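Protein chains in written order, with our numbering: chain A, 190 to 474; chain B, 7 to 111. One structure is given here, and the rest of the page talks about it.
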Amino acid sequence: MSERYDIAIIGTGPAGLEATINAKIRNKNIILFGNKDLSAKLIKAPKINNFLGFHDITGKELKDRFSHHIDAMGIGIVNEKINNIYAMGDYFALMVNEKMYEAKTIILATGIEYAKALKGEEEFLGKGVGYCATCDAPLYKGKTVTIVGYNKESEEETNYVSELSGKTYFIPMYKGEYKLNPNVEIIKSKPLEIVGNDRVTKLILEKAEIITDGIFMLRDSVSPGQLVPGLEIEEGHIKVDRNMKTNIEGCFAAGDCTGKPYQFIKSAGEGLVAAASAVSYLDNM
Amino acid sequence: MIKEVNDKSFDTEIAGSDSIVVVDFWAPWCGPCKMLTPVMEELSKEMGDKVKFVKVNVDDNPLISSKYRIASIPTVVVFSKDTVKETMVGFRPKADLKKIIERHL
Numbered sequence: 190m191s192e193r194y195d196i197a198i199i200g201t202g203p204a205g206l207e208a209t210i211n212a213k214i215r216n217k218n219i220i221l222f223g224n225k226d227l228s229a230k231l232i233k234a235p236k237i238n239n240f241l242g243f244h245d246i247t248g249k250e251l252k253d254r255f256s257h258h259i260d261a262m263g264i265g266i267v268n269e270k271i272n273n274i275y276a277m278g279d280y281f282a283l284m285v286n287e288k289m290y291e292a293k294t295i296i297l298a299t300g301i302e303y304a305k306a307l308k309g310e311e312e313f314l315g316k317g318v319g320y321c322a323t324c325d326a327p328l329y330k331g332k333t334v335t336i337v338g339y340n341k342e343s344e345e346e347t348n349y350v351s352e353l354s355g356k357t358y359f360i361p362m363y364k365g366e367y368k369l370n371p372n373v374e375i376i377k378s379k380p381l382e383i384v385g386n387d388r389v390t391k392l393i394l395e396k397a398e399i400i401t402d403g404i405f406m407l408r409d410s411v412s413p414g415q416l417v418p419g420l421e422i423e424e425g426h427i428k429v430d431r432n433m434k435t436n437i438e439g440c441f442a443a444g445d446c447t448g449k450p451y452q453f454i455k456s457a458g459e460g461l462v463a464a465a466s467a468v469s470y471l472d473n474m
Numbered sequence: 007m008i009k010e011v012n013d014k015s016f017d018t019e020i021a022g023s024d025s026i027v028v029v030d031f032w033a034p035w036c037g038p039c040k041m042l043t044p045v046m047e048e049l050s051k052e053m054g055d056k057v058k059f060v061k062v063n064v065d066d067n068p069l070i071s072s073k074y075r076i077a078s079i080p081t082v083v084v085f086s087k088d089t090v091k092e093t094m095v096g097f098r099p100k101a102d103l104k105k106i107i108e109r110h111l
């Protein structure tokens, strides 16, 4: 069995890092998921004047300070993309493709950069719309399936689906060479809306319409509600209380993913509170 | 272990039951289904005297899966006699499932 961490922190922006250093100070067994660049938004900021103590600093400079800080505390970053987090009751299962990590608590600090749902997508979820083509493909044996692919990996899933379905359409949302089975029809047009009655009937595109039984949306980044099934979302943000608690026991959130204003020091502050809450939850476990 | 029902035994097991029946539609290749299995097992232990828990492998039982229009798995359906009371698509935490099932008791 894999090691069960006390706290898994997802995200290396200011919220995730502040949560991590505080959890580390409190001597918890932690794991931090993210990447070495920490945060794309941070690197891009030309000048920051509202982070107390760092007047007239560039985003890049602030990022270097953050990196130095976690290095000095012996905190490493695990560069893996979490696909799903399942609340199993007394622990969380964090899925990375075929691999799984376990943690007693989680802190979501994923920021706010994820693609918006298509019109009709949420309404028809489970009624023809799905996010896991390999899971649901056998249910579409002999039927028409449309895949909206945002990355290279979606091509592989499309090929798998095309072996079972009657007809497969692929709508690429990126440019490149597509390695697809010959029976897959590629349609280059932007999807606008999913329509149907009690289940999906068609996908409306900018330049076309596809009559289809099923639609799979295969994106790079998923919304927090998809990442953590059962998580309560309010107006596009994770719903939290003053202690950064979500509706799921042991799951906390901090930073832009919880709501506006989108500011570095607000995120850091929330990360601190989330870590404190996670620590107190662990101590009462 | 939660009882497996199939195309043949489904009607007797579900409509023939006096209690409400929670059906977990799953398949062996589906990751989220695997995660849901222990959650359903725990619920079955906790609520087993009031609720009947069964599961259907959609791969082996296409008739029932298409009859109830299962388009994604996992899907958990709450039945009372042969009426669908609630359909939950995708993995859900235990507390959520319990709350929803309790609404139908």
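The beta carbon of each residue, even a glycine, is placed where N, CA and C say it ideally should be. The structure displayed is predicted, hence computed values, not measured ones.
Assuming A/ALA197 and A/TYR290 are in contact, meaning their beta carbons sit under 8 Å apart, how far apart are those beta carbons, in whole angstroms? Sequence index remark: in the first sequence, residue 197 of chain A carries index 8 (1-based). Sequence index remark: in the first sequence, residue 290 of chain A carries index 101 (1-based). Indeed, because the Cβ distance is near 6 Å, the residues count as touching under 8 Å.
Run the CB neighbour count on A/GLU192, radius 10 Å, all protein chains shown included, and call it buried at 16 or more, exposed below. Position 3 of the first sequence holds residue 192 of chain A. Flag for A/GLU192 reads exposed.
What is the rounded straight-line gap between the Cα of B/PRO38 and the Cα of A/ASN239? For the purposes of this step, residue 38 of chain B is taken as the residue at position 32 of the second sequence. For the purposes of this step, residue 239 of chain A is taken as the residue at position 50 of the first sequence. Whole-angstrom Cα-Cα distance: 43 Å.
Taking only runs of the beta strand (DSSP E) that begin and end inside the region 326-394 of chain A, which ones reach a length of at least 3 residues, in chain order? 333-338, 356-361, 373-375, 380-385 and 389-394
So, A/LEU466 versus A/ASN436, is the Cβ gap smaller than 8 Å? The sequence position of residue 466 of chain A within the first sequence is 277, counting from 1. The sequence position of residue 436 of chain A within the first sequence is 247, counting from 1. The displayed chain sequence assigns Ser, not Leu, to residue 466 of chain A. Result no, Cβ atoms of A/SER466 and A/ASN436 do not sit closer than 8 Å.
Under the assumption that A/GLY202 contacts A/LEU227 (Cβ atoms under 8 Å), give the Cβ distance between them as a whole number of angstroms. For the purposes of this step, residue 202 of chain A is taken as the residue at position 13 of the first sequence. For the purposes of this step, residue 227 of chain A is taken as the residue at position 38 of the first sequence. 7 Å between Cβ atoms; contact.
Under DSSP, the beta strand (DSSP E) around B/ASN63 begins and ends at which residues? Locating residue 63 of chain B in the second sequence gives position 57, counting from the first residue. From DSSP, the beta strand (DSSP E) with B/ASN63 extends over 57-63.
Given that B/GLU48 touches chain A, what residues does it touch there, using C-beta distances under 7 Å? Taking the first residue of the second sequence as position 1, residue 48 of chain B is located at position 42. What B/GLU48 touches in chain A: GLY278.
Is B/ASP17 buried or exposed, if buried means 16 or more other CB atoms sit within 10 Å of its CB? The sequence position of residue 17 of chain B within the second sequence is 11, counting from 1. B/ASP17 comes out exposed.
Identify which residue in A/GLU438, A/LYS449 and A/LYS396 has its Cα closest to the Cα of A/TYR470. Here residue 470 of chain A is taken as the residue at index 281 of the first sequence, counted from 1. The shortest C-alpha separation from A/TYR470 is found at A/GLU438.
Give a yes or no on whether the minimum CB-CB distance between B/VAL11 and chain A is below 8 Å. Looking up residue 11 of chain B in the second sequence gives position 5. For B/VAL11, the answer is no, since every Cβ of chain A falls outside 8 Å of its Cβ.
Let me make sure I understand the geometry here. Which of A/GLY205, A/ASP195 and A/TYR194 has the alpha-carbon closest to that of A/LYS455? On the first sequence, residue 455 of chain A is found 266 positions in, with the first residue counted as 1. The candidate whose alpha carbon is nearest that of A/LYS455 is A/GLY205.
What are the boundary residues of the beta strand (DSSP E) that B/LYS91 is part of? Counted from its first residue, the second sequence places residue 91 of chain B at position 85. 89-95 is the extent of the beta strand (DSSP E) around B/LYS91.
Would you report the Cα separation of B/ASP65 and B/SER72, rounded to the nearest angstrom? Taking the second sequence and counting its residues from 1, one reaches residue 65 of chain B at position 59. Taking the second sequence and counting its residues from 1, one reaches residue 72 of chain B at position 66. Approximately 11 Å, taken between the alpha carbons.
List the residues that DSSP assigns as beta-bridge partners of B/ASN67. If you number the second sequence from 1, residue 67 of chain B lands on position 61. Answer is none; B/ASN67 lacks a bridge partner.
According to DSSP, is A/ILE454 part of a helix, a strand, or is it coil? Numbered from its first residue, the first sequence carries residue 454 of chain A at position 265. Helix.
Own chain residues within Cβ distance below 6 Å of A/LYS396, not counting five before or after: In the first sequence, counting from the first residue as 1, residue 396 of chain A sits at position 207. If we look at A/LYS396 and ignore the five residues flanking it on each side, its Cβ neighbours are SER378.
Given this structure, state the Cα-to-Cα distance separating A/ILE400 from A/ALA326, to the nearest angstrom. On the first sequence, position 211 is the one that residue 400 of chain A refers to. On the first sequence, position 137 is the one that residue 326 of chain A refers to. In a straight line, the C-alpha of A/ILE400 is about 17 Å away from that of A/ALA326.
For A/LEU461 and A/LYS434, the rounded distance between their alpha carbons: Against the first sequence, residue 434 of chain A aligns to sequence position 245. Against the first sequence, residue 461 of chain A aligns to sequence position 272. Taking the straight line joining both Cα atoms gives about 12 Å.
Against chain A: residues of the region 88-106 of chain B by CB proximity under 8 Å: THR93, VAL95, GLY96, PHE97, ARG98, PRO99, LYS100, ALA101 and ASP102
Which residues, in order along the region 62-86 of chain B, keep a beta-carbon less than 9 Å from a beta-carbon of chain A? VAL64, ASP65, PRO68, SER71, SER72, ARG75, ILE76, ALA77, SER78, ILE79, PRO80 and THR81
Going along chain A in order, which residues have a C-beta closer than 8 Å to the C-beta of B/GLY37? Working through the second sequence from its first residue, we reach residue 37 of chain B at position 31. Under the 8 Å cutoff, chain A gives ASN273, MET284, CYS321 and CYS324.
What would DSSP say about A/HIS244, mapped onto helix, strand or coil? Taking the first sequence and counting its residues from 1, the one referred to as residue 244 of chain A is at position 55. Residue state, collapsed to three classes: coil.
Would you identify the three-state DSSP class for A/ALA276, choosing helix, strand or coil? Taking the first residue of the first sequence as 1, we reach residue 276 of chain A at position 87. Strand at A/ALA276.
Extent of the continuous alpha helix (DSSP H) run through A/GLU207: Position 18 of the first sequence, counting from 1, holds the residue named residue 207 of chain A. Segment 203-214, the alpha helix (DSSP H) holding A/GLU207.
Euclidean distance between Cα positions of B/ASP88 and B/ILE20: Position 82 of the second sequence holds residue 88 of chain B. Position 14 of the second sequence holds residue 20 of chain B. The alpha-carbon atoms of B/ASP88 and B/ILE20 are separated by roughly 7 Å.
Which of the three DSSP states is assigned to B/LEU42 in this structure? By 1-based counting over the second sequence, the position of residue 42 of chain B is 36. Helix, per DSSP.
Which word fits A/MET474, buried or exposed, when buried means at least 16 other C-beta atoms lie within 10 angstroms of its C-beta? Taking the first residue of the first sequence as position 1, residue 474 of chain A is located at position 285. A/MET474 is exposed by the Cβ-count criterion.
Bridge partners - B/THR81, DSSP secondary structure assignment: Residue mapping note: residue 81 of chain B aligns to position 75 of the second sequence, counting from 1. Its beta-bridge partners are B/PHE31 and B/VAL95.
Quick check on the burial criterion: 16 or more other C-beta atoms within 10 angstroms. Buried or exposed for A/ALA229? Walking along the first sequence from the start, residue 229 of chain A turns up at place 40. Burial call: exposed.
Where A/GLY403 meets chain B, residues with beta-carbon distance less than 7 Å: For the purposes of this step, residue 403 of chain A is taken as the residue at position 214 of the first sequence. In chain order: ALA77.
On a CA-only basis, which of A/GLY248, A/LYS368 and A/GLU312 is nearest A/GLU382? Give me that one, please. As a working note, residue 382 of chain A is residue 193 in the first sequence. When each option's Cα is compared against that of A/GLU382, the closest is A/GLU312.
Which residues share a DSSP beta bridge with A/ALA442? Counting from 1 along the first sequence, the entry for residue 442 of chain A is found at position 253. A/ALA442 pairs with A/LEU297.
Pairwise C-alpha distance: A/TYR349 and A/ASP409: Looking up residue 409 of chain A in the first sequence gives position 220. Looking up residue 349 of chain A in the first sequence gives position 160. The straight-line gap from Cα to Cα measures roughly 19 Å.
Measuring only the C-alpha atoms, how far is B/ASN63 from B/VAL82? Stepping through the second sequence from its first residue, residue 63 of chain B is reached at position 57. Stepping through the second sequence from its first residue, residue 82 of chain B is reached at position 76. Cα to Cα, B/ASN63 sits roughly 12 Å from B/VAL82.
Apart from the five residues on each side of it in sequence, which residues of its chain come closer than 7 Å, Cβ to Cβ, to A/ASP387? As a first step, residue 387 of chain A is located in the first sequence; it is residue number 198 there, counting from the start. Excluding residues within five positions, the ones whose Cβ falls inside 7 Å are LYS316.
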